Structure formats: structure tokens, C-alpha cells
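Visitor:
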Amino acid sequence: MIQRRHVFHIGGYDPITPKEQVDRLRRSLSSFDKIWGASSRLSEISNTSAINASCNLEAWGPNWKTYVTFEILRWDDLIRCDSGVGLVPRLVQSVKALFDFIVTGTLFKYAIASWKYALFFIFPYCCLLLIAFCSAGLSYLVIRFIRPTFWVEELLLGILLSLAIFVISMLWIGPKRRINHILDDAIFSLQFLHGQKRELDRRLSDFAELISKAARAAEVDEILIVGHSLGAALSIAAVARALKLDPLLETRGPKLCILTVGATIPKLSLHPMGGQIREAAQLVAGTAAIDWVEYQARDDAISFYRFDPVTLKRISRDHSGVHPKIRRVQIHSMVSPIRFRRHRFNFMQIHYQFLMGNDQRSAYDYCMITCGPLDFNVATSPSGAVGLFGANGSLMTTRT
Numbered sequence: 008m009i010q011r012r013h014v015f016h017i018g019g020y021d022p023i024t025p026k027e028q029v030d031r032l033r034r035s036l037s038s039f040d041k042i043w044g045a046s047s048r049l050s051e052i053s054n055t056s057a058i059n060a061s062c063n064l065e066a067w068g069p070n071w072k073t074y075v076t077f078e079i080l081r082w083d084d085l086i087r088c089d090s091g092v093g094l095v096p097r098l099v100q101s102v103k104a105l106f107d108f109i110v111t112g113t114l115f116k117y118a119i120a121s122w123k124y125a126l127f128f129i130f131p132y133c134c135l136l137l138i139a140f141c142s143a144g145l146s147y148l149v150i151r152f153i154r155p156t157f158w159v160e161e162l163l164l165g166i167l168l169s170l171a172i173f174v175i176s177m178l179w180i181g182p183k184r185r186i187n188h189i190l191d192d193a194i195f196s197l198q199f200l201h202g203q204k205r206e207l208d209r210r211l212s213d214f215a216e217l218i219s220k221a222a223r224a225a226e227v228d229e230i231l232i233v234g235h236s237l238g239a240a241l242s243i244a245a246v247a248r249a250l251k252l253d254p255l256l257e258t259r260g261p262k263l264c265i266l267t268v269g270a271t272i273p274k275l276s277l278h279p280m281g282g283q284i285r286e287a288a289q290l291v292a293g294t295a296a297i298d299w300v301e302y303q304a305r306d307d308a309i310s311f312y313r314f315d316p317v318t319l320k321r322i323s324r325d326h327s328g329v330h331p332k333i334r335r336v337q338i339h340s341m342v343s344p345i346r347f348r349r350h351r352f353n354f355m356q357i358h359y360q361f362l363m364g365n366d367q368r369s370a371y372d373y374c375m376i377t378c379g380p381l382d383f384n385v386a387t388s389p390s391g392a393v394g395l396f397g398a399n400g401s402l403m404t405t406r407t
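Written as C-alpha cells, this is what we have:
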């Protein structure tokens with residue numbers, strides 16, 4: 008039974024603040040308490056800096072109690088910096104990113120690895136084309152109505168009108184439909200792969216130092232690093248740096264565990280310039296003392312379902328792996344039928360369900376893994392915590 012746990016959380020390419028993340032955790036814990044019969048208490052953020060923010064959490068039942076330090080490893084400021092670029096630089100850089108991912112064959116590798124993710128990647132570019140065609144069409148109708156005297160005048164007016172409609176449409180639709188956000192994600196990925204994100208590189212070294220420091224302190228029973236979406240790749244990179252920084256990390260101190268969910272590690276690894284992430288994944292996977300479990304869901308289009316993030320190969324339905332252990336879960340087994348039907352085609356909502364509270368007891372439960380009393384190996388077993396808790400939240404000795 009785990010009594011003390013230190014959780015490091017690395018989010019994906021999302022500019023949400025630590026306070027917003029803690030508020031989301033608070034809502035998730037409310038669901039956790041309800042379905043597992045537990046009780047919990049979450050503090051406000053007590054320590055914050057440019058690279059981390061932490062809060063304290065207690066969860067308990069009739070015969071167990073767990074104390075958790077929940078530490079957010081921050082890079083939201085870097086994401087907000089990316090989102091502050093103007094429309095023209097964003098369009099130029101995003102087209103450059105698309106060209107690179109096509110020429111290097113990476114986009115085609117995405118299609119083989121996960122056709123859903125490939126469609127997600129090209130989605131904003133399809134939106135750009137659609138907006139451009141609609142702008143040209145609307146401009147044509149206006150020109151036909153005005154009927155300029157000279158063809159040169161007609162051409163220039165048509166071009167200017169099309170550009171004006173396109174810019175106005177992008178300024179309105181871009182932020183509203185996450186088009187800008189997904190384009191920024193593609194730009195970031197290309198720049199990171201080509202070593203142009205020096206500040207993030209320094210931040211990863213800071214993350215590695217924080218993880219190593221927590222392991223050396225040995226004040227908890229378990230250290231858990233959670234990586235979601237693109238944060239999964241960063242979590243693996245940070246742990247790999249921590250191992251290089253402290254070669255004894257795997258053999259001393261508390262158990263070191265890694266949970267990757269909604270992961271997009273192959274997004275970087277499949278690119279020819281993704282050697283850093285490929286090497287990091289192989290190093291972490293090859294460290295037997297570290298438990299690494301990855302959860303994948305078919306309904307999550309913003310990830311690589313049935314794809315091994317280390318071997319970079321498709322896997323069979325029966326494959327569970329060793330390092331990492333790959334668990335396949337169904338989102339509809341975690342949430343109510345009504346909620347699933349409501350959000351089934353809301354790709355972002357489904358993608359973030361891995362970090363949210365469930366509506367019913369399920370093999371995967373984010374709060375149970377991060378805040379519950381079960382050892383990581385038990386909490387992430389094929390059945391998870393199902394059958395191990397009574398209706399009143401008491402922990403049972405045998406599974407029912």
C-alpha cells in the first residue's frame with residue numbers, strides 16, 4: 008500500500024495555467040470520491056516558479072490514506088509565447104512545417120502508424136484551403152455584382168477582396184476552432200526537432216534535476232511521472248536526462264514509475280530528426296527498474312493507437328508489451344453513455360478524458376493511479392482497481 012507519492016505532471020501542447028490544471032484535478036477528484044466511496048482534500052497551489060508549481064493532496068478511505076505532492080512541470084509560458092505570433096508568420100511557418108513533414112516522409116509514416124492522427128495533423132491545412140476557396144468564391148460573387156470596367160481592375164480588386172475575406176475569416180475562426188492552436192503545434196514540433204527550442208531544452212534539464220532531487224530525497228514510497236499528449240514525449244526525455252544525470256537513480260530511492268496517456272511520442276520519433284526522443288525512449292524502456300505504462304484508446308484520434316512508442320511498429324490486439332506495458336482502454340467504459348454520445352466527436356474532449364474523472368469504476372482511472380493507495384503495478388494492471396474497493400471505499404485484500 009502506498010502512503011506517500013510524488014506526482015510530476017507534464018501536460019501537452021496546451022497553454023493552460025497551473026491553476027486551471029489544479030481546478031481540473033479538483034473536479035476529477037469530486038468524481039473519484041463519488042464512484043470509489045473515497046474522500047479527498049486538495050490544497051491550493053503552495054509553491055510556484057517559472058518551471059514548476061505544486062499543491063498537496065490527501066485521499067482516504069476507511070482503512071487507507073494517501074498523501075500526494077502533485078507537482079506540475081511547467082512549459083505553458085513557452086506555448087503562450089508561440090500563440091502570440093501574428094497571422095502571416097504563423098501561416099508561413101505552418102506551410103514550412105507541412106512541406107518538411109511531407110518531404111521527409113513523416114506524414115506518410117503517420118498515415119501508416121495511425122490514419123486518425125494523420126487526418127488530425129492535416130485538419131488545419133484542409134481548413135485553410137476551405138477558407139481560401141470560400142474567400143475566392145465570395146470575392147468572385149462580389150466582383151460579378153460590381154462589374155469593374157477593366158479586367159486589370161477586376162483582377163486586383165478580386166485579389167485584394169479575397170485576401171481581406173481570408174484574413175478576417177482566419178482572425179475569427181482560427182482561435183475559435185483551434186486551427187491556430189494545431190498549426191502552432193506543428194510549427195513547434197518542427198522547431199523542436201531541428202533544435203530551435205533552446206528554452207524548452209533548458210526546461211527539460213530543469214525537469215530532470217527536479218525528478219532526480221525527489222528521488223534522492225527518498226521521502227515518498229513512489230515517484231510517478233505523468234505525461235499527456237506531447238507531454239508524454241517530454242516526460243520520457245526528462246527521465247532519460249535524469250538517468251544520465253544520476254546513473255544510480257534507478258537503483259536507489261523510491262520506485263520510479265511513468266504513466267503516458269494520449270501519447271504522441273511517435274509524432275517526434277517518426278521524423279528523421281527525432282533521434283533525441285528515439286534514444287530517450289529506448290533508454291527509459293531499457294531501464295528495468297523503471298515501470299512505464301502507456302494507455303491507448305481507439306476513440307482518441309489525437310494519439311497513436313496500437314502503436315509501440317519504442318519499436319515504432321504497429322502492435323497486435325493481444326500485445327501488451329513489457330517496456331512499456333501498453334494497455335488498451337475504451338473511453339465509453341470510463342464515462343456514462345450519455346456523456347460519451349455527447350462528446351464522441353469532440354476530439355479534444357475525448358483526448359483529455361485521460362486526465363479527467365470517470366463516471367464509473369473502470370480499469371483506467373487517472374485519480375486512482377495518481378492519488379489512490381495502490382502500488383503503480385496494481386493500479387495499472389489489466390483490471391486496475393476494479394474489484395479491490397468496497398462500496399464504502401475500503402480497500403480489500405483480494406479482488407472480488
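First residue of the sequence shown: 8, per the numbering used here; consecutive thereafter. Even for Gly, the Cβ is constructed at its ideal location relative to N, Cα and C. The structure presented is a predicted model; accordingly, all values stated were derived computationally and were not measured.
Provide the residue(s) that pair with Ile79 in DSSP beta bridges, ordered along the chain.
Guide: Ile79 pairs with His16, Ala60.
Visitor: How would you label Tyr371, buried or exposed, when you count the other beta carbons within 10 angstroms and need 16 or more for buried?
Guide: That one is buried.
Visitor: Between which two residues does the alpha helix (DSSP H) containing Ser46 stretch?
Guide: No alpha helix (DSSP H) holds Ser46; the beta strand (DSSP E) holding it covers 46 to 49.
Visitor: By DSSP, does His235 sit in helix, in strand, or in coil?
Guide: Correct three-state label for His235: strand.
Visitor: Could you give the DSSP three-state label for Asn187: helix, strand or coil?
Guide: In the structure shown, Asn187 sits in a helix (DSSP, three-state: H, G or I).
Visitor: Rounding to the nearest angstrom, what Cα-Cα distance links Gln430 and Asp228 in this structure?
Guide: A query on residue 430 cannot be resolved here, the shown segment of the chain reaching from 8 to 407 and no further.
Visitor: DSSP on Arg259, reduced to helix/strand/coil?
Guide: The answer is coil: DSSP assigns Arg259 none of H, G, I, E or B.
Visitor: In whole angstroms, what is the alpha-carbon distance linking Gln337 and Ile357?
Guide: Spanning the two alpha carbons is a distance of roughly 11 Å.
Visitor: Entirely within the region 259 to 293 and at least 4 residues each: give me those alpha helix (DSSP H) ranges in chain order.
Guide: Listed in chain order, they are 272 to 276, 282 to 292.
Visitor: Quick one, which of Cys374, Lys332, Thr404, Gln360 has its alpha-carbon nearest Ser388's?
Guide: Selected option, being the one with the closest Cα: Lys332.
Visitor: DSSP has Gly68 in a bridge; who is on the other side?
Guide: Paired residues: Trp71.
Visitor: Using a Cβ-Cβ cutoff of less than 6 Å, which residues in the same chain neighbour Leu395 once the five nearest sequence positions on both sides are dropped?
Guide: So the list reads Met403, Arg406, once near-sequence residues are dropped.
Visitor: Do you know how far the Cα of Ser196 is from the Cα of Gly202?
Guide: Going by the C-alpha atoms only, they are around 10 Å apart.
Visitor: In angstroms with no decimal places, state the Cα-to-Cα distance between Ser219 and Gly397.
Guide: When rounded, the distance between both Cα atoms is 37 Å.
Visitor: Under 8 Å Cβ to Cβ from Ser38, same chain only, skipping five residues before and after it: list those, please.
Guide: The answer, listed in chain order, is Met363, Gly364, Asn365, Asp366, Cys374.
Visitor: With contact counted as at least three CB pairs below 8 Å, one residue from each stretch, are the region 310 to 320 and the region 244 to 258 in contact?
Guide: Taking 8 Å as the limit for Cβ pairs, the verdict is that the region 244 to 258 does not touch the region 310 to 320.
Visitor: Contact between the region 302 to 309 and the region 262 to 280: three or more CB pairs below 8 Å?
Guide: Yes, the region 302 to 309 is in contact with the region 262 to 280.
Visitor: Can you tell me whether Leu162 is buried or exposed, with buried defined as 16 or more other CB within 10 angstroms of its CB?
Guide: Exposed is the call here.
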